[in-house]
Amino acid sequence: MPISPPNNLIPLDAILPEEPLLMMGAGPVPIPVRVAAANSIVINHLGDTMAQIIEQVKSMSAYVFQTESAQVLGVAGPGSAAMEMAVANLVEPGDSVLCVINGFFSNRLAEMAGRAGATIHPLRVSGEHSANVADIETWLDQHKPKLLTIVQGETSNTVCNQKLQQICHAARARNCMIIVDAVCTLSTMPLYMDDWGIDAVITGGQKGLSSIPGVSLVAFSRRAWQTIGERRAPMAHWCLDARLANKFWYEQSYHYTAPVSGVLAIHEALKLICSETLPVRFHRHLRSSMALQAGIEAMGLTLFVEPAHRLNSVVGVNLPSGIKSLDLLRAMSSRYRVEISGSFGADIVRIGQMGEQSRAHNIFRTLHALGASLATLGAAVDVPAGVSALEKKLEAFDRQSQHGTIIPVTNNAADNSSVVHH
Ligand SMILES: Cc1ncc(COP(=O)(O)O)c(C=O)c1O
685 MPISPPNNLI PLDAILPEEP LLMMGAGPVP IPVRVAAANS IVINHLGDTM AQIIEQVKSM
745 SAYVFQTESA QVLGVAGPGS AAMEMAVANL VEPGDSVLCV INGFFSNRLA EMAGRAGATI
805 HPLRVSGEHS ANVADIETWL DQHKPKLLTI VQGETSNTVC NQKLQQICHA ARARNCMIIV
865 DAVCTLSTMP LYMDDWGIDA VITGGQKGLS SIPGVSLVAF SRRAWQTIGE RRAPMAHWCL
925 DARLANKFWY EQSYHYTAPV SGVLAIHEAL KLICSETLPV RFHRHLRSSM ALQAGIEAMG
985 LTLFVEPAHR LNSVVGVNLP SGIKSLDLLR AMSSRYRVEI SGSFGADIVR IGQMGEQSRA
1045 HNIFRTLHAL GASLATLGAA VDVPAGVSAL EKKLEAFDRQ SQHGTIIPVT NNAADNSSVV
1105 HH
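Here you go:
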């Protein structure tokens, strides 16, 4: 019997809300109009036009990753595909890999390394803390791994490995290669691939870059690329084989049909980052996240992670007692058309501060929606105090900039990179 088309389909317009929700969760994030417009175009995936676009994507990526030596490859797939590309190409069966695990995504890197046949040495960091350099040095000396995997920002529990630079230095000094997951952090906070000696940096499109989900990037150092070139074990993944991907990204030939619209979108997203410049972009993210955090606290709420370990790109907020995360998310999206994220187990909600999310108009609307929804659900919050604190913090940042103050680009005292104004 032939199968008929389904007869109970609801039109897309009836499924989607009349006005799009403001996406203020842990990703995907809102995309600029130019990115959306580029994403609506389909061109030939091979040929001169595409070759020109790919050249520009690579040179702009080199700026965003802060690398001269990298082999930058795009991946048709989520951030996880880029993670798997980095891990599967660099790990051979029997390799020893030190996996720094702060949460869900760093654990995923360990799982991938295990599936690639590595002997895993998991260094689990407990209690919403960033990884400690001394602990990592001890493990590096004890296990002498070929490779270390780590996330810069652990989106799942809003912990930031604030000592990443020192950790990379420690690994590099012991001739251990380093894979860094910068899916939620790239272009939102400092990461200097070459200066820090990182061998593979992974990012997705839908977070810091403010592009669409489904096209991701991975950059390999010269040392990593040489290791991949000397690989003896066959690659189990055909699509994620970096040497095959290189045919498309560096030799203008066919690997698989590239996701052209997504590549055009990421081209536009990278172009916006290059025009804004990284120092200005880091400062915008820091200003916005610090103001949002001040507003949340002034409202009477608490943040999940202590400042010394806190990620600014995704902010974790403790739920007041008696409030269920799902009720809060529903109230915020139905009444205020603002969407934030639930959690991976902890009693928190998460608010993103990546790309277009880090704009004053978006954080005011989100903070108000959060406070007003909590008040409706019966929590004791002071919404005007929160909004006023947010305003004051933004103004304080602007005053400092006007007076030529040096504003650190992270809230990490150990990081000496900074934005100098005037
Ligand atoms: C830090 C981090 N790594 C990896 C991923 C995986 O990305 P994707 O969901 O696009 O596969 C995410 C996604 O939230 C993330 O936040």
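Note that the numbering used here has the sequence shown beginning at 685, numbered continuously upward. A virtual CB, placed ideally from N, CA and C, is assigned to each residue, including glycine.
One thing to note: V867 has its Cβ within 8 Å of the Cβ of G763. Burial check for L1010: the Cβ neighbour count within 10 Å stays below 16, so the residue is exposed. I834 sits in a strand when the DSSP states are folded into three classes.
Taking P714 as the centre and dropping the five residues before and after it, the same chain places the C-beta of L706, M707, S894, G1039, E1040, Q1041, N1046 closer than 8 Å to its C-beta, in chain order. The beta-bridge partner set that DSSP reports for N1002 consists of I1032. In the three-state reduction of the DSSP assignment, T733 falls in the helix class. Non-local C-beta neighbours of H951 in its own chain, meaning closer than 7 Å and more than five positions away in sequence, comprise A722, I737, Q740, V741, ordered along the chain. Exposed is the label assigned to G1006, since fewer than 16 other Cβ atoms lie within 10 Å of its Cβ.
At the C-beta level, A766 and T887 come within 8 Å of one another. Taking 3 residues as the shortest admissible run, the stretch 792-838 contains the following complete beta strand (DSSP E) segments, listed from N- to C-terminal end: 803-808, 831-835.
Exposure of K828 is indicated by the presence of fewer than 16 other C-beta atoms within 10 angstroms of its C-beta. Under DSSP, I785 takes part in a beta bridge, and its partners are R808.
A Cβ-Cβ separation of about 24 Å leaves I896 out of contact with F904 under the 8 Å criterion. In the three-state reduction of the DSSP assignment, M707 falls in the strand class. Here DSSP, grouped into helix, strand and coil, assigns G758 to strand. In this structure the stretch 830-842 lies against the stretch 789-798, because at least three pairs of beta carbons, one per stretch, are closer than 8 Å.
Taking the Cα positions, A953 is about 42 Å away from Q826.
At the C-beta level, W823 and L774 stay beyond 8 Å of one another. Counting of Cβ neighbours within 10 angstroms places G979 among the buried residues, the total reaching 16 or more.
Approximately 11 Å separates the beta-carbon atoms of F1048 and V1022; this is outside 8 Å, ruling out the contact.
The beta carbons of D1066 and M983 sit closer together than 8 Å. If you draw a 10 Å sphere on the C-beta of W909, you find 16 or more other C-beta atoms in it, and that means buried. CA-to-CA, the gap between T986 and V1001 works out to about 6 Å. S1057 counts as buried, since at least 16 other C-beta atoms from the protein chains shown sit within 10 angstroms of its C-beta. Around L1074, the same chain offers A975, L976, A978, G979, A982, I1047, F1048, L1051 as residues with beta carbons nearer than 8 Å, after the five sequence neighbours per side are excluded.
Around the CB of Q1086, fewer than 16 other CB atoms lie within 10 Å, so the residue is classed as exposed. In the three-state reduction of the DSSP assignment, S780 falls in the strand class. For L1010, the enclosing alpha helix (DSSP H) starts and ends at 1009-1020. In the structure shown, T887 adopts extended strand secondary structure according to DSSP, grouped into three states.
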